[in-house]
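*Asks:* Keeping their order, the protein sequence lines are chains A and B.
For the first sequence, counting from 1, position 43 maps to 43 in our numbering; every step adds exactly one.
For the second sequence, counting from 1, position 188 maps to 188 in our numbering; every step adds exactly one.
Note that the Cβ used here is the ideal one computed from N, Cα and C, for glycine as well.
There are 2 protein chains.
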Amino acid sequence: MPGPTRAPTLADVAAAAGVSLSTASLTFSGNKPVSEATRERVLSAAASLGWTGPNPLGRSLRRGRSGVVGIAVGQLSTAFRDPAALPMLDAVSEVLGAAGLGLLLMGDDEEHARLPLDAVIYDICGRDDWGPYGELVAREVPLVVVEGPSWPGTTFIDIDHRGGAAALAAHLHDLGHRRVATLTLEASHPQREREAGLREVFPRASVVGACASDLAEAQRLAADFLSADPGVTAIVCQSDVQAAGVVLEARRRGLDVPSDLSVAGFDGVATPWLDLSLTTVVQPLVAKGRATAEAVLARISGADVDDVVLPVELRVGDSTGPA
Amino acid sequence: MPGPTRAPTLADVAAAAGVSLSTASLTFSGNKPVSEATRERVLSAAASLGWTGPNPLGRSLRRGRSGVVGIAVGQLSTAFRDPAALPMLDAVSEVLGAAGLGLLLMGDDEEHARLPLDAVIYDICGRDDWGPYGELVAREVPLVVVEGPSWPGTTFIDIDHRGGAAALAAHLHDLGHRRVATLTLEASHPQREREAGLREVFPRASVVGACASDLAEAQRLAADFLSADPGVTAIVCQSDVQAAGVVLEARRRGLDVPSDLSVAGFDGVATPWLDLSLTTVVQPLVAKGRATAEAVLARISGADVDDVVLPVELRVGDSTGPA
DNA sequence: CCGTCGTATCGAAACGTTTCGCCACCTCAG
DNA sequence: CTGAGGTGGCGAAACGTTTCGATACGACGG
């Protein structure tokens, strides 16, 4: 009499096949050899019972792993609106997926710290700290921090913000620019490093403002700035999206880029809707994602992992020219 | 003698506090009252042992729930490049997060079906079917399909593609357009429905081509089409990003939008880099996300859930005008 | 013919939690 | 003083899997 019969378990399969629980388990895990005859008996028993493979919950408890890796990105829509986030996320997901791990989005709320996570990736460029961090450390969940500030007991994946920004600044200096302004990200590790790199060359660069990597916000800040201080010959932004906003705003006021104003970005992402190739610092997004995922895998397997700093590359486009 | 001592368990806490395992559990879950004296004893025992709350793995097995909900979106970078995806994702995440659930990204590989998932959201507009579906159904994992084709035993969340597309088409017809072309998404449920809506008004609309919701691809298709067939007065796209691509390409050829060519989109997302407000069909992205998440919650709790079809709204912008 | 080895299988013990049913005790009404 | 009712706590049984150590058995070399 069927009724609302509960899902079959491996024990049911074993019983139906007339073998022990352990043999049934081995049949599916393949961790030890099983004779062909019994293998077939077990498989057909499983099929006829409709058993669909080991229950992930039981398996997780036994193995001490859930196969789920959290990725903390702050507000989701903000994080993914930045086109730099996607190739990185893709690479992380690909490497983890190949290892059978899944990626869980950790938003703003802290509840997620109670979920079964094997490791957590911190990729919250915008912020310097984050709530559940303490709880995760206490639970000894491996932490991999991407472009974050220094924290004890975690692995870091970073890029050479400072070097890239300095190279870009040198490029502008070579072009004859002397009065330079910068549009920065909100206070954070990348913001500080990138600004420091710029100031190695232009110690007194003025500040347009600080905002997220958002076109409209950048445009607004540029509008205010250009109205007030028409004297600068170049604006260095901390993201390509910001730079695009500045370009659009400059044009709106009749300024030509780059002959009237040079504009530079950071990241090296595609901006197909802009008919101009930005001068920018290209960061290796895919390599960053891979390195992050590989650090996660290593930490999960208990290995010690060295921090990583990836190189960046200056790409000169059509948005910068002689002062 | 400390050494590499394993993490403390609730049983250790109970022993240290001199109470039974069950009492210790109740102290933290609050499922039954515990006297103030013992509560304090247990709490301080937990604190001194460094016990950081119930191990999610044990809890998951016992409760039969992991707290993780999968969301299948196909290739990640493709899915999230579409700006329509983000508000929806945000809303889903918010509602699920409030219920203590996390969102796990399921990419293209099928391994993820072996993870401990309480439910799965199918939001793969681009495709008509997907590998692990069968396995998930066999495991009786609740499935909520967003804008997908009909599948047995799943819950559907949809929008009124056809009605919206028809309303938009009527708007163009009112403006006097008679020769209309359409740029569609790749074959899928939304594509079919939106095209059907258009053909209610323009049965013989020609087809520019089909592509993802991608600016560059749309631009390329528009270029080919406009070179070959200059006779149409309006192009109806199946996404705003596509429409933006068509606008850019039309302008590149010296055509004015809307006086030389009317262009319409779908979705109602922000395109801040376009100095033109698109005529489009606005879909309620946040409501769609909320409805999806609520369906998931209901299905997880075992309830039967009705399918949902959300209304859309025509928004007339500056990209369409008299023929 | 006996000792050894390798292979296939099995039983039992984890993994860490929640919850069901029961017991002991205290209080209060009769 | 006694029985009823309520409260706080306890023991034990799940939840479903993997894996360790032991056992049975056939083959093989001496």
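How close, in whole Å, do the beta carbons of L89/A and L86/B come, if the pair is a contact with beta carbons under 8 angstroms?
*Replies:* Walking along the first sequence from the start, residue 89/A turns up at place 89. Walking along the second sequence from the start, residue 86/B turns up at place 86. Wrong, their Cβ atoms sit about 13 angstroms apart, outside the cutoff.
*Asks:* Tell me whether L21/A is buried or exposed, calling it buried when 16 or more other Cβ atoms sit within 10 Å of its Cβ.
*Replies:* Taking the first residue of the first sequence as position 1, residue 21/A is located at position 21. Residue burial is scored here from C-beta neighbours: L21/A has fewer than 16 other C-beta atoms within 10 angstroms and is therefore classed as exposed.
*Asks:* Let me confirm a value: T154/B is counted as buried when at least 16 other C-beta atoms fall within 10 Å, else exposed. Which label applies?
*Replies:* What you label residue 154/B is simply residue 154 of the second sequence in a count that begins at 1. Flag for T154/B reads buried.
*Asks:* Below 7 angstroms on C-beta distance, what does D90/A contact in chain B?
*Replies:* Against the first sequence, residue 90/A aligns to sequence position 90. Chain B residues near D90/A: L76, S77.
*Asks:* For a minimum of 3 consecutive residues, which ranges assigned as the beta strand (DSSP E) are wholly contained in the region 72-140 of chain A?
*Replies:* 102-106, 119-122
*Asks:* Have a look at E140/A, S262/A, A210/A and flag the residue whose alpha-carbon is nearest the alpha-carbon of W51/B.
*Replies:* The residue given as residue 51/B occupies position 51 in the second sequence. When each option's Cα is compared against that of W51/B, the closest is E140/A.
*Asks:* Quick check: the region 209-228 of chain A against the region 178-185 of chain A, are at least 3 beta-carbon pairs closer than 8 angstroms?
*Replies:* yes
*Asks:* Does V305/A come out as helix, strand or coil in the three-state DSSP assignment?
*Replies:* Translated into the one-based positions of the first sequence, residue 305/A becomes position 305. V305/A: coil per DSSP, three-state reduction.
*Asks:* With distance defined between alpha-carbon atoms, name the residue in D229/A, T233/A, F266/A, E217/A nearest to F202/A.
*Replies:* As a working note, residue 202/A is residue 202 in the first sequence. The residue with the shortest Cα to Cα distance from F202/A is T233/A.
*Asks:* Going by the beta-carbon positions, is the gap between L310/B and I159/B smaller than 7 angstroms?
*Replies:* Residue mapping note: residue 310/B aligns to position 310 of the second sequence, counting from 1. Residue mapping note: residue 159/B aligns to position 159 of the second sequence, counting from 1. In this structure, I159/B lies closer than 7 angstroms to L310/B by Cβ.
*Asks:* Name the chain B residues whose beta carbon is nearer than 7 angstroms to that of T52/A?
*Replies:* On the first sequence, position 52 is the one that residue 52/A refers to. Chain B residues near T52/A: E135, A138, R139.
*Asks:* Is P152/B close to chain A? Criterion is C-beta to C-beta, closer than 7 angstroms.
*Replies:* Translated into the one-based positions of the second sequence, residue 152/B becomes position 152. Judged by the 7 angstroms Cβ criterion, P152/B is not in contact with chain A.
*Asks:* Compute the Euclidean distance between the alpha carbons of D174/B and E193/B, then round it to the nearest angstrom.
*Replies:* Here the question's residue 174/B lines up with position 174 in the second sequence. Here the question's residue 193/B lines up with position 193 in the second sequence. Answer to the nearest angstrom: the Cα atoms are 22 angstroms apart.
*Asks:* Can you tell me where the beta strand (DSSP E) holding V144/B begins and where it ends?
*Replies:* Mapped onto the second sequence, residue 144/B falls at position 144. Here the beta strand (DSSP E) through V144/B covers 143-146.
*Asks:* Which residues, in chain order, does the region 109-124 of chain B contribute to contact with chain A at a C-beta distance below 8 angstroms?
*Replies:* D109, E111, H112, R114, L115, P116, L117
*Asks:* Cβ of L285/B less than 7 angstroms from any chain A Cβ?
*Replies:* Residue numbering aside, residue 285/B sits at position 285 when the second sequence is read from its first letter. By this cut-off, L285/B is not an interface position.
*Asks:* Excluding the 5 residues preceding and the 5 following L136/B in the sequence, name in chain order all residues of the same chain whose CB lies nearer than 7 angstroms to its CB.
*Replies:* For the purposes of this step, residue 136/B is identified with residue 136 of the second sequence, where counting begins at 1. A113, V120, L143, listed in sequence order.
*Asks:* Of all the CB atoms in chain B, is at least one closer than 7 angstroms to the CB of L185/A?
*Replies:* As a working note, residue 185/A is residue 185 in the first sequence. Answer no: the Cβ-Cβ gap between L185/A and chain B never drops below 7 angstroms.
*Asks:* Got a sec, what are the start and stop residues for the alpha helix (DSSP H) L26/B sits in?
*Replies:* Locating residue 26/B in the second sequence gives position 26, counting from the first residue. Counting along the chain, the alpha helix (DSSP H) containing L26/B begins and ends at 21-29.
*Asks:* Where does R315/B fall in DSSP's three states?
*Replies:* For the purposes of this step, residue 315/B is taken as the residue at position 315 of the second sequence. Reduced to three states, the DSSP call for R315/B is strand.
*Asks:* Buried or exposed for R299/B, going by 16 or more other Cβ atoms inside 10 Å?
*Replies:* Taking the first residue of the second sequence as position 1, residue 299/B is located at position 299. It counts as buried.
*Asks:* Does the beta carbon of F225/A come closer than 7 angstroms to any beta carbon on chain B?
*Replies:* Numbered from 1 along the first sequence, position 225 holds the residue referred to as residue 225/A. Chain B contact via Cβ: absent.
*Asks:* Starting from A181/A, follow the beta strand (DSSP E) in both directions and report where the run begins and ends.
*Replies:* As a first step, residue 181/A is located in the first sequence; it is residue number 181 there, counting from the start. That run of the beta strand (DSSP E) goes 180-184.
*Asks:* Does the Cβ-Cβ distance between L331/A and S93/A come in under 7 angstroms?
*Replies:* In this structure chain A extends from 1 to 323, so residue 331/A is not present and cannot be described.
*Asks:* Since P116/B contacts E147/B with CB under 8 angstroms, what's their CB separation in whole angstroms?
*Replies:* What you label residue 116/B is simply residue 116 of the second sequence in a count that begins at 1. What you label residue 147/B is simply residue 147 of the second sequence in a count that begins at 1. The beta-carbon separation of P116/B and E147/B, rounded to 27 angstroms, does not stay under the 8 angstroms limit for a contact.
*Asks:* Quick one: which unbroken beta strand (DSSP E) runs of 3-plus residues sit fully inside the region 184-243 of chain B? Chain order, please.
*Replies:* 206-210, 234-237
*Asks:* Cβ of F28/B less than 7 angstroms from any chain A Cβ?
*Replies:* Residue mapping note: residue 28/B aligns to position 28 of the second sequence, counting from 1. Cβ-Cβ to chain A under 7 angstroms: no for F28/B.
*Asks:* Can you have a look at V257/B and say buried or exposed, based on whether 16 or more other CB atoms are within 10 angstroms of its CB?
*Replies:* Along the second sequence, read from residue 1 onward, the residue named residue 257/B stands at position 257. Buried, since its Cβ has 16 or more Cβ neighbours within 10 Å.
*Asks:* Which chain B residues sit within Cβ distance under 7 angstroms of F80/A?
*Replies:* Locating residue 80/A in the first sequence gives position 80, where the first residue counts as 1. Near F80/A (Cβ distances below 7 angstroms), the residues of chain B are F80, L86.
*Asks:* Does S60/B get closer than 7 angstroms to chain A when you measure Cβ to Cβ?
*Replies:* Reading the second sequence from its first residue, position 60 is the one you call residue 60/B. So, interface residue.
*Asks:* Would you call the region 30-40 of chain B and the region 65-85 of chain B in contact, with 3 or more CB pairs under 8 angstroms?
*Replies:* no
*Asks:* Would you please state the rounded distance, in angstroms, between the beta carbons of T271/B and A244/B? I believe it to be under 8 angstroms.
*Replies:* Here residue 271/B corresponds to residue number 271 of the second sequence, with the count starting at 1. Here residue 244/B corresponds to residue number 244 of the second sequence, with the count starting at 1. That belief holds up - the Cβ atoms of T271/B and A244/B are roughly 5 angstroms apart, short of 8 angstroms.
*Asks:* Would E195/B be called buried (16 or more neighbouring beta carbons within 10 Å of its own) or exposed?
*Replies:* Walking along the second sequence from the start, residue 195/B turns up at place 195. By the neighbour-count rule (16 or more Cβ atoms within 10 Å), E195/B is buried.
*Asks:* Could you tell me if T5/B is buried or exposed, where buried requires 16 or more neighbouring beta carbons within 10 angstroms of its beta carbon?
*Replies:* The residue given as residue 5/B occupies position 5 in the second sequence. T5/B is exposed by the Cβ-count criterion.
*Asks:* Leaving out five residues before and five after S259/B in sequence, what residues of the same chain have Cβ atoms less than 8 angstroms from its Cβ?
*Replies:* Within the second sequence, residue 259/B is the residue found at index 259, counting from 1. Contacts found: G321.
*Asks:* DSSP on V13/A, reduced to helix/strand/coil?
*Replies:* Counting from 1 along the first sequence, the entry for residue 13/A is found at position 13. Three-state DSSP puts V13/A in a helix.
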